[in-house]
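Asker: Got a structure for you, questions after.
In the numbering used here, the protein residues as written are 312 to 393.
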């Protein structure tokens with residue numbers, strides 16, 4: 312995922328969380344916003360001249376957060392929040 316795509320994902324998730332019920336504000340909304348922020352931050356770190364081990368760690372973390380966002384959005388669809 313590129314830096315721009317990670318930023319686009321964050322913007323789209325921000326738009327989607329506005330559609331969630333108010334009672335989900337402190338759970339789903341925070342989890343989604345946190346995960347998308349971490350994706351963008353970890354992708355951004357790949358632009359720096361870092362040892363391969365650190366780059367691998369940032370990429371692995373970004374991939375894990377992408378899985379979190381995908382899972383949470385799938386759950387939101389399943390319960391008709393989105």
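Where a beta carbon is used, it is the ideal one built from N, C-alpha and C, also for glycine.
#1: Indicate whether the contact test is met: 3 or more Cβ pairs, each with one atom in the stretch 368-375 and one in the stretch 345-360, closer than 8 Å.
#2: DSSP on residue 392, reduced to helix/strand/coil?
#3: Using the C-alpha atoms, what's the distance from residue 382 back to residue 348?
#4: Would residue 332 pass as a contact of residue 392 if the rule is Cβ separation under 8 Å?
#5: Would you mind sorting residue 351 into buried or exposed? The rule is 16 or more other CB atoms within 10 Å of its CB.
Answerer: The structure says:
#1: Yes, since at least three Cβ pairs between the stretch 368-375 and the stretch 345-360 fall closer than 8 Å, the two stretches touch.
#2: DSSP places residue 392 in the coil class of the three-state scheme, outside both helix and strand.
#3: Rounded to the nearest angstrom, the two C-alpha atoms are 16 Å apart.
#4: Yes. Within cutoff.
#5: So residue 351 counts as buried.
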